């Protein structure tokens, strides 16, 4: 689908966490999200009109970015949040798998 962006536009964006997991369910995770939202806001120069952070998703009302577009803004924001919240866990799990020490979990629940 083609997207049209223009100066003065407002964008209502809903973004879910991976597999709707409650990755933003702690105060620390929400603080990290808001810190990174501010960093991305300064980089792309856009207004944050409003937001709601829920445990498994966020709603954002953003002004048109001066640099880039809303899709790029969300790509960068989601990457940064993911790396901050999951980076250590991903590295640890990868290392355990490489060493053959990853926990075994059943594929189907009984």
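Residue numbers (this note's numbering): 131 to 240.
Backbone N, C-alpha and C define an ideal beta-carbon position, used for all residues, glycine too.
Since the model is a prediction, treat every value here as computed from it, not as a measurement.
Going by beta carbon distance, what residues of the same chain come within less than 8 Å of residue 137, once the five residues before and after it are set aside? In its chain, beyond the 5 residues on either side, 194 have a beta carbon closer than 8 Å to the beta carbon of residue 137.
Looking only at C-alpha atoms, which of 198, 179, 204, 170 sits nearest to residue 146? Checked all of 198, 179, 204, 170; the closest Cα to residue 146 is 204.
Under DSSP, the beta strand (DSSP E) around residue 192 begins and ends at which residues? First-last of the beta strand (DSSP E) with residue 192: 187–193.
Would residue 143 and residue 190 qualify as a contact pair, given that the criterion is a beta-carbon distance under 7 Å? Closer than 7 Å, so yes.
Is it true that the CB of residue 185 sits closer than 7 Å to the CB of residue 152? Contact: yes.
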